[in-house]
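These protein sequences, in sequence, are chains R and E.
Oh and the first sequence: position 161 is 160 in numbering that gives the first Met the number 0, straight run, nothing missing.
Oh and the second sequence: position 150 is 149 in numbering that gives the first Met the number 0, straight run, nothing missing.
The beta-carbon is built from N, C-alpha and C at its ideal position, and this holds for glycine as well.
There are 2 protein chains.
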Amino acid sequence: MRVGEGFRLAEQDTGSTPGFSADKKDAEQALDDGAAILAELQARLFAAGMLGEKRSVLLVLQAMDTAGKGGIVTHVVGQMNLGGVRYAGFKKPTHEELAHDFLWRIWKHVPGAGEVGVFDRSHYEDVLIGRVRSLAADEEIERRYDAINAFERELAESGTTIVKVMLHLSKDEQRARLASRLDRPEKYWKYTPNDVDERLLWDDYQDAYQIVFDRTSTSYAPWYVVPADRKWYARLAVQHLLIHALEELGLDWPEPDYDLEVERARLAAS
Amino acid sequence: MRVGEGFRLAEQDTGSTPGFSADKKDAEQALDDGAAILAELQARLFAAGMLGEKRSVLLVLQAMDTAGKGGIVTHVVGQMNLGGVRYAGFKKPTHEELAHDFLWRIWKHVPGAGEVGVFDRSHYEDVLIGRVRSLAADEEIERRYDAINAFERELAESGTTIVKVMLHLSKDEQRARLASRLDRPEKYWKYTPNDVDERLLWDDYQDAYQIVFDRTSTSYAPWYVVPADRKWYARLAVQHLLIHALEELGLDWPEPDYDLEVERARLAAS
């Protein structure tokens with residue numbers, strides 16, 4: 000799923016399940032099993048962060064509407080301890096945000112030492128909808144790819160492992176999911192007429208994503224394209240990417256920075 | 000559990016399970032059952048918030064160390080969709096925070112329309128550790144109770160349902176929990192020598208909590224004292240308090256603000 004040289008988004012199968020041959024039921028069990036592993040690894044990072052470890056992890060989630068970002072946040076991010084998770088959902092920029100460079104609002108939400116940051120949409124919107132809807136001048140859009148790489152290099156060099164995920168959905172599956180939002184009263188609020196406006200620009204968005212992959216999938220901040228027609232697969236895949244990123248940190252539970260025996264005695268006497 | 004006239008903290012049984020007579024195993028099932036109810040109610044509030052509803056909910060968690068705030072955040076708050084939850088953990092104030100009124104840093108984290116805010120510690124620290132350790136002048140501490148009431152009234156009048164919870168632990172149970180942190184390498188990081196320093200001031204803290212209840216348990220922002228010697232009970236109780244607060248909002252799924260038939264046709268044609 001890692002985007003490398005010569006990657007073509009258009010050639011990817013959105014219904015495939017690379018690396019996992021089992022069915023939905025097995026996947027749910029695997030997701031449960033993974034939850035305990037993910038929670039422990041995140042707790043180790045958080046614990047280390049309390050005792051001087053400077054590293055962190057940042058998960059960037061991008062996708063077309065209905066691809067399942069919300070489900071990933073609930074079912075995968077929610078497996079970790081909220082106290083150590085810095086979640087940020089980026090919506091349409093405010094006036095104040097637009098009065099600054101596009102990275103200004105992003106910087107405020109990068110994870111601190113020991114944290115797992117989660118970007119639900121991100122600075123990539125500024126070269127996706129930004130490009131497709133010409134929200135900035137062409138030269139400004141062009142400038143942003145290098146700016147993004149410089150920003151991500153800065154984060155990586157200061158200790159943040161960056162995992163960028165595009166949930167890749169087919170156009171037909173999106174129609175089916177939008178239709179289900181128009182069929183169920185408890186889903187109506189998830190739909191806005193703008194969803195179809197955006198859908199009509201599907202090919203432009205796919206092209207904009209391809210450019211993003213060509214220009215910003217780097218050694219220090221690679222992109223992963225996760226087939227998302229099957230929700231269970233996408234959740235499992237993102238869970239594994241997080242587990243892998245945390246494992247790579249190689250963290251053990253930190254040594255105490257106090258004298259165990261002294262403290263046991265103080266506690267017993269208290 | 001609601002703090003009313005004449006409430007005495009010292010008379011509360013930290014090992015009791017008011018309103019729930021079953022055992023731990025039944026309680027775990029009940030917590031699972033409640034998760035779906037809580038998640039749906041929160042989703043309704045979030046949905047309504049997207050369509051103009053201004054109300055929100057704020058859960059304030061206070062407790063002595065080891066009482067289980069972290070577990071509540073993971074096992075109860077984590078049952079909701081993170082996208083609609085505004086979590087804030089308040090630690091020792093920074094220089095910048097100390098240069099402002101004690102409510103300055105709090106205001107930044109109050110929930111917006113449709114959100115469930117969660118304060119893991121809060122402005123009450125400024126009249127708890129603030130009082131016990133004389134971190135401010137006596138007159139300033141005295142002033143803060145009224146300031147807190149005015150602040151909470153302002154929030155309530157602008158649409159925030161405030162639920163304040165003190166997890167009430169016995170001193171013996173705290174010793175046992177701290178001891179277990181000194182017994183297991185994966186828990187060492189949760190302990191600091193300061194935990195015993197604070198423990199030695201146990202009675203002063205209980206007195207400070209009593210004053211908090213006497214002066215800040217109001218009709219618009221009541222306190223609930225939740226017995227916390229049994230973790231399963233405390234989680235279930237806080238889950239029920241959140242469910243109750245959300246139910247009281249009386250929210251249904253919002254009506255669509257677009258024409259369903261028009262949108263179905265547009266989608267089918269796209």
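Residue i Cβ short of 7 angstroms to the ligand GTP heavy atom set
i	result
R/Tyr-223	Of the ligands one can find in the structure shown there are none, so the ligand GTP has no counterpart to examine.
Cut-off 7 angstroms between Cβ atoms - residues of its own chain near residue i, not counting five sequence neighbours on either side
i	result
R/Ala-334	No answer is possible for residue 334 of chain R: it lies beyond the span of chain R, which begins at 0 and ends at 269.
E/Asp-12	Pro-226
E/Asp-194	Asp-64 and Leu-177
E/Trp-201	Lys-170
E/Asp-258	none
E/Ala-42	Asn-80
R/Lys-23	Trp-231
R/Gly-70	Lys-230 and Arg-234
R/Asp-203	Val-131
Sequence-distant residues of its chain with Cβ nearer than 6 angstroms to residue i (five each side left out)
i	result
E/Arg-130	Ile-140 and Ala-207
R/His-108	Ala-87
R/Val-76	Val-117
R/Asp-171	none
E/Gly-48	Ala-112 and Gly-113
E/Arg-180	Lys-186, Lys-189 and Tyr-190
R/Glu-124	none
R/Val-56	Val-115, Thr-160 and Ala-244
E/Val-45	Note that residue 45 of chain E is Phe in the sequence shown here, rather than Val. These residues qualify, in order along the chain: Gly-83 and Gly-113.
Whole-angstrom distance between residue j and residue i, CA atom to CA atom
i	j	result
R/Asp-100	R/Ile-147	12 angstroms
E/Trp-188	E/Arg-7	34 angstroms
R/His-243	E/Glu-138	54 angstroms
E/Leu-235	R/Val-211	46 angstroms
E/Glu-52	E/Leu-58	19 angstroms
R/Val-126	R/Glu-95	19 angstroms
R/Ala-135	R/Leu-40	41 angstroms
R/Leu-199	E/Glu-260	18 angstroms
E/Pro-110	E/Leu-60	15 angstroms
R/Leu-266	E/Lys-91	23 angstroms
E/Leu-30	E/Ala-175	25 angstroms
E/Ala-21	E/Trp-222	25 angstroms
E/Arg-85	R/Ala-66	24 angstroms
R/Arg-120	R/Arg-263	47 angstroms
R/Gly-5	R/Thr-215	13 angstroms
R/Arg-132	R/Phe-89	17 angstroms
E/Arg-1	R/Gly-3	59 angstroms
E/Pro-274	E/Asp-32	The question about residue 274 of chain E has no answer here: the residues shown for chain E are numbered 0 through 269.
Chain E within 8 angstroms of residue i, Cβ atoms only
i	result
R/Ala-178	yes
R/Trp-231	no
R/Pro-17	no
R/Arg-263	yes
Residue-chain proximity (residue i, chain R), Cβ-Cβ < 8 angstroms
i	result
E/Leu-200	no
E/Pro-226	no
E/Gly-88	yes
E/Trp-252	yes
E/Leu-266	yes
E/Glu-185	yes
E/Tyr-190	yes
E/Val-237	no
E/Val-195	yes
E/Tyr-144	no
E/Leu-259	yes
E/Leu-181	yes
E/Pro-221	no
E/Ser-269	yes
Cutoff 8 angstroms; reference residue i; Cβ partners in own chain excluding five residues on either side
i	result
E/Thr-217	Asn-148, Glu-151 and Arg-152
R/Ala-9	Gln-205 and Gln-209
E/Arg-228	Per the sequence shown, the amino acid found at residue 228 of chain E is Asp instead of Arg. Cβ neighbours of E/Asp-228 beyond the five flanking positions: Thr-13, Gly-14, Leu-168, Ser-169 and Glu-172.
E/Asp-251	Arg-43
E/Ala-268	none
R/Ala-38	Gln-78, Met-79 and Asn-80
E/Gly-158	Lys-53, Arg-54, Ser-55 and Ala-112
Exercise. Unbroken beta strand (DSSP E) runs of length 3 or more, entirely within the segment 136 to 215 of chain R: which are they?
Worked result: Inside the segment 136 to 215 of chain R, DSSP marks whole beta strand (DSSP E) runs of 3 or more residues at positions 159 to 167, from first to last along the chain.
Problem set entry | Where the segment 70 to 82 of chain E meets chain R: residues whose CB sits under 7 angstroms from a CB there | Those would be Val-72, Thr-73, Val-76, Gly-77, Asn-80, Leu-81 and Gly-82, in chain order.
Problem set entry | Segments assigned alpha helix (DSSP H), at least 4 residues, entirely inside the segment 220 to 249 of chain R | DSSP runs (the alpha helix (DSSP H)) wholly in the segment 220 to 249 of chain R: 230 to 247.
Exercise. Between the segment 42 to 58 of chain E and chain R, which residues of the former have CB atoms less than 7 angstroms from a CB of the latter, in chain order?
Worked result: If the cut-off is 7 angstroms between Cβ atoms, the segment 42 to 58 of chain E has Ala-46, Met-49 and Leu-50 near chain R.
Exercise. Which runs of the beta strand (DSSP E) spanning at least 3 residues fall entirely within the segment 39 to 119 of chain R, listed in chain order?
Worked result: If only complete runs of 3 or more residues are kept, the segment 39 to 119 of chain R shows the beta strand (DSSP E) at 55 to 62, 84 to 88 and 115 to 119, in order along the chain.
Exercise. Just by C-beta distance, which residues in the segment 164 to 175 of chain E are closer than 8 angstroms to chain R?
Worked result: Taking 8 angstroms as the Cβ-Cβ cut-off against chain R, the residues of the segment 164 to 175 of chain E that qualify are Arg-174.
Problem set entry | Residues of the segment 93 to 122 of chain E with Cβ closer than 9 angstroms to any Cβ of chain R, in chain order | Residues of the segment 93 to 122 of chain E with a Cβ closer than 9 angstroms to any Cβ of chain R, in chain order: Val-117 and Asp-119.
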